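What follows is a set of notes on a single structure, which appears directly below.
Chains as they are written, first to last, in this note's numbering: chain A, 12 to 324; chain B, 12 to 324.
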């Protein structure tokens, strides 16, 4: 039995997870991210212990504790090097957690951890597997030969910060034209709002009851499925933005599989088919997209807990 | 002792190479690429045998024959899946060569082979090493844990066909806005010609003696070093195009080292410093470019022969 902890900017989630990646019990507490790291990490350890006890297990039945965290992690030393949304700099996460729980503690970036969960539960060994998350930002995780790949400093796999449009839209990272600035849910919402302002007659306007602040990542998809032309155009352009990055990743990695997660992935096959159609014409000649599985991620919000729990040496 | 063969669209080169990557003797014959593959492969085998004999070695002193080829290779089966400039489709290269030389025959994409040579002669083990070639196109090779990484179908590592400017300049691959369409020597030459047409007063015009067909990959660099403003602008923009792709690769891979080869890399530190300067502001926050070595490739045109010779299981 293992414990997985998903540290987020708003919420700390922890779960008791079986060796084959099933969550038996989970719980959550607020992060209150403005606090000192020792307090946050103490709450993480306490939540882990509580989850174990509430499920009727003893701590000596626990093999390891894994943590998925935002930012750049030094996995080897269990140190969170840098995360901007929880203001951690060179925080010795492993050492702190081990003050409360005397077990092996593993730490990895949250997008990498989610990718690892999707890979492990896919149940098939692959040389290269990539997970892309279309959420507030665009996250990425690369699994090479069954191991998380994050480069020499743990900061690799930042797929969302690949520029796809040089001198394009400013990105939160400081670059201009990042994939994230076009393919995140945040970007889709902005694209949807612009289209509504330009097309007052659009069904999108009815869906949001005329309140522009009610636009979300579903608005354009819902209206497009009703045949609304302005919405169809938003969805077409958005999926091209997603697709151009996916095609880049294919030309670079030719992975066995790419899974797409995050809020936008709730659009399922509707989204997937548009992306595949676009990529078919964007993948380097001579190679074929046919050999690559592009799928929707399966684990949703639980991927963080499950992937963290499954972390090992 | 090993033999390395570099199959090009114009020339077949072969070399006798020591176990530690030194070329003892090399020779070349024209490819005459319009011929049937059996003829071309027969010439490759004959050249390999000749190189060995001319250097005073017997074939039974040869451990293996390695081949670097354009296009997508199925390295496992020794099959050239597809190459557009020599019109090979599913050619059984290993089997054909072994009709003449009864040795292990290894086959890999030429950009991957060149990257492998640079990696091996770097003499240091790394988790991730990337070579980028700024030539007629933009080539790429990824070495992971000492092995060539080329994806599930051998077609990976096509770094030049990463879109950096969606809906931008058409690329030979069919996409629009590929890195290659902006950062290749071919692209630089087009950028230089445009600047000369716009700036008749430029030193670049003197360098080419007013003959626009004499523009090459050095023209803008030579004039920029003389302080010519139009040329400085060309070089600045070109190195930004190179840099945006390098920064993408850093955000994705965080490799230990990136080497830059190809004709443009003859500009050495002048080029390197401009690229580094640009990348410093383009790399994902929290990570630092300081930990990554960005260097000029060392082996020049010999990388193909050396890398091919060093190929192994």
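Every residue, glycine too, gets a C-beta built ideally from N, C-alpha and C.
All values reported here derive from a predicted model rather than from experimental measurement.
Proximity to residue i [Cα-Cα], best of the options
| i | options | result |
| --- | --- | --- |
| residue 198(A) | 171(A), 217(A), 216(A) | 171(A) |
| residue 14(B) | 46(B), 117(B), 100(B) | 117(B) |
| residue 66(B) | 28(B), 321(B), 48(B) | 28(B) |
| residue 34(B) | 120(B), 313(B), 57(B) | 313(B) |
| residue 12(A) | 72(A), 20(A), 64(A), 49(A) | 72(A) |
| residue 54(B) | 319(B), 311(B), 80(B), 108(B) | 108(B) |
| residue 119(B) | 177(B), 57(B), 95(B), 81(B) | 81(B) |
| residue 84(B) | 169(B), 111(B), 173(B), 155(B) | 169(B) |
| residue 61(A) | 31(A), 25(A), 74(A) | 25(A) |
| residue 162(A) | 318(B), 302(B), 254(B), 128(B) | 302(B) |
| residue 196(B) | 310(B), 269(B), 147(B) | 147(B) |
| residue 311(A) | 63(A), 278(A), 114(A), 160(A) | 278(A) |
| residue 324(B) | 41(B), 42(B), 89(B), 32(B) | 89(B) |
| residue 139(B) | 221(B), 248(B), 291(B), 156(B) | 156(B) |
| residue 321(B) | 267(B), 130(B), 176(B) | 130(B) |
| residue 269(A) | 86(A), 237(A), 124(A), 143(A) | 143(A) |
| residue 292(A) | 16(B), 186(B), 19(B), 47(B) | 186(B) |
| residue 134(A) | 68(A), 31(A), 22(A), 184(A) | 31(A) |
Contacting residues, own chain, Cβ-Cβ under 8 Å from residue i (five flanking each side not counted)
| i | result |
| --- | --- |
| residue 204(B) | 223, 226 |
| residue 325(B) | With chain B represented from 12 up to 324, any question about residue 325(B) goes unanswered, as that position is not in the structure. |
| residue 283(B) | 271, 305, 306, 307 |
| residue 286(B) | 250, 253, 254, 257, 271, 305 |
| residue 21(B) | 41, 42, 44 |
Presumed contact (8 Å Cβ cut-off) between residue i and residue j, rounded CB distance
| i | j | result |
| --- | --- | --- |
| residue 97(A) | residue 44(A) | 5 Å |
| residue 245(B) | residue 194(B) | Actually they do not touch by this definition, with Cβ atoms about 13 Å apart. |
| residue 275(A) | residue 37(A) | Actually they do not touch by this definition, with Cβ atoms about 24 Å apart. |
| residue 173(B) | residue 189(B) | 7 Å |
| residue 112(B) | residue 59(B) | 6 Å |
| residue 3(A) | residue 265(B) | Since the first residue shown for chain A is 12 and the last is 324, residue 3(A) is missing from the structure and cannot be characterised. |
| residue 149(A) | residue 212(A) | Actually they are not in contact, since the Cβ atoms of residue 149(A) and residue 212(A) sit about 31 Å apart, beyond 8 Å. |
| residue 309(B) | residue 145(B) | With 8 Å as the limit, residue 309(B) and residue 145(B) do not qualify as a contact, their Cβ atoms being about 15 Å apart. |
| residue 152(A) | residue 127(A) | 7 Å |
| residue 40(B) | residue 23(B) | 5 Å |
| residue 176(B) | residue 176(A) | 6 Å |
For residue i, the residue or residues it bridges with in DSSP
| i | result |
| --- | --- |
| residue 138(A) | Paired residue(s): none; residue 138(A) is not in a bridge. |
| residue 327(A) | Look at the range of chain A in this structure, 12 to 324, and you will see that residue 327(A) is not part of it. |
| residue 306(B) | 270(B) |
| residue 31(A) | DSSP, once it has assigned bridges, lists no residue as partnering residue 31(A). |
| residue 38(A) | 25(A) |
| residue 100(B) | 93(B) |
| residue 143(B) | 151(B), 271(B) |
| residue 174(A) | 189(A) |
Endpoints, alpha helix (DSSP H) assigned at residue i
| i | result |
| --- | --- |
| residue 192(A) | 191-194 |
| residue 259(A) | 240-264 |
| residue 108(B) | 104-109 |
| residue 236(B) | 230-236 |
| residue 55(B) | 48-65 |
| residue 17(A) | Where residue 17(A) is concerned, there is no enclosing alpha helix (DSSP H), although the beta strand (DSSP E) it sits in stretches over 13-18. |
| residue 291(A) | 279-291 |
| residue 316(B) | 314-321 |
Extent of the continuous beta strand (DSSP E) to which residue i belongs
| i | result |
| --- | --- |
| residue 184(B) | Here residue 184(B) belongs to no beta strand (DSSP E), and DSSP marks it neither H nor E. |
| residue 93(A) | 90-94 |
| residue 155(B) | 149-155 |
| residue 219(B) | From DSSP, residue 219(B) is part of no beta strand (DSSP E); its letter is neither H nor E. |
| residue 114(A) | That residue, residue 114(A), is in no beta strand (DSSP E); it is neither H nor E in DSSP. |
| residue 158(B) | 158-160 |
Neighbourhood of residue i by C-beta, 6 Å cutoff - its chain only, sequence neighbours within 5 removed
| i | result |
| --- | --- |
| residue 235(B) | 242, 243, 246 |
| residue 251(B) | 289 |
| residue 115(A) | 75 |
| residue 179(A) | 187, 188 |
Cutoff 7 Å; reference residue i; Cβ partners in own chain excluding five residues on either side
| i | result |
| --- | --- |
| residue 100(A) | 93 |
| residue 63(B) | 14, 27, 70, 73 |
| residue 233(A) | 218 |
| residue 200(A) | 226, 227, 228 |
| residue 102(B) | 48, 90, 91 |
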